[in-house]
Amino acid sequence: MPYRNGVAYYGAYGGGDNTASQARNPTTSRQLSESTKQLFKAINDGNLEDFKEALAEGADVNAFDKEGMTPLMSIVTNLSAGSETEKEYQNMIRLLLLHRSIDVNISEQNNNNTVLHLAMCFQQKKTLQLLLSHPNINTYLTNKNHQNPEECARQNRAGHLIIEIQKAQKGKELLAALSSGNICQAKTLLNQELHPNCWRRTQDGRIKTPLSLIIRLCLRTITEDEKEVLTKLLKHKDLDFSYEQYAQLKQTIEQAIQSRLTDTINRKDLDDVKKLVEDNCFINRAVVTAALGMLIIQLTLLKII
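The opening residue of the sequence shown carries number 334 in our numbering; numbering runs sequentially from there.
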């Protein structure tokens, strides 16, 4: 059973030569640029700033290190070792997935596992959700053992994560529905289990998500159905506000939560403070209230209402 950084590679890994995988990966065994070396070093060090710098200097996001791993695979492997820099690694994954040149379906050089295989084997739910949100992710590719990620999950006692693939599919259906303005279908989908963070890139390079699409629809004409979709989406426990275009909305939400907490603290109601901190429903209500409030302000400025 092979190891890397002290981490066992489970049933997804087989033996034998890597001839087949080299055929699938034409970029193997070439000299890495300095920026690409820096990228791999930043990953091993868990250094997000050096990672960003390497990307800015043109690092190859699809390159293989000496162990036959791409940057994405290297991050997943480091995460499986129980790293203390999990947040930094998750941010690295986000940056790589948004990179225009990333190939999320590359197979590693030893056993033809994709990064999706590895995330399944190591039971990394958050990583899976990030990977599955990518518009080009392929869930059917097989490794040297002829296993797709779903079969790999079953072999590695990770069958409970297979539902993440199904939820991502529903999330992409939601993205398509909102892209076409089909609010009725969007309402139906939001009553099911789905990933709310699936995205696509437009021809001019902009990132579109279900949240950005429904906000745009609401800025044109806000109906009760659109308001319901926005509310359900904002209340979704897995909604990711890390995208740059959500910065203003995120700031508004944080201000609303802080204001409510400050007011409660000033009243010296410690029991209420404890309840607010523990009550996720409060945060959800703050999210919805702040978001709708910001939309109303924008609509007013645009003289739509």
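Quick reminder that beta carbons are idealized off the backbone N, C-alpha and C, glycines included.
Everything numeric in this text was worked out from a predicted model, so none of it was measured.
message: Using the three-state DSSP reduction, which class does threonine 447 fall into: helix, strand or coil?
response: strand
message: Using only CA atoms, which one of Lys458, His467 and Cys485 lies nearest to asparagine 444?
response: Cys485
- prompt: Under the rule that 16 or more other beta-carbon atoms within 10 Å means buried, what is serine 313, buried or exposed?
  reply: Because residue 313 is not part of the residues shown, which for the chain are 334 to 638, the question remains open.
task: With DSSP as the reference, label isoleucine 470 as helix, strand or coil.
output: coil
- request: Going by DSSP, name the residue or residues bridged to arginine 533.
  value: Lys541
field: Helix, strand or coil at serine 407 according to DSSP, with G and I counted as helix
entry: helix
task: Could you spell out the range, first to last residue, of the alpha helix (DSSP H) harbouring methionine 425?
output: 419-431
message: Going by beta-carbon coordinates alone, are threonine 403 and glutamate 441 separated by less than 9 Å?
response: yes
Proline 482 classed as buried or exposed, judged by whether at least 16 other C-beta atoms fall within 10 angstroms: buried
query: In or out: phenylalanine 373 buried (at least 16 other Cβ within 10 Å) or exposed?
result: buried
message: On the DSSP letters alone, give me the boundaries of the alpha helix (DSSP H) that alanine 387 sits inside.
response: 381-389
message: Whole angstroms are fine: how far does the CA of isoleucine 516 sit from the CA of cysteine 454?
response: 37 Å
message: Judging by CA-CA distance, which residue of Thr418, Gln371 and Gly401 is the nearest neighbour of alanine 389?
response: Gln371
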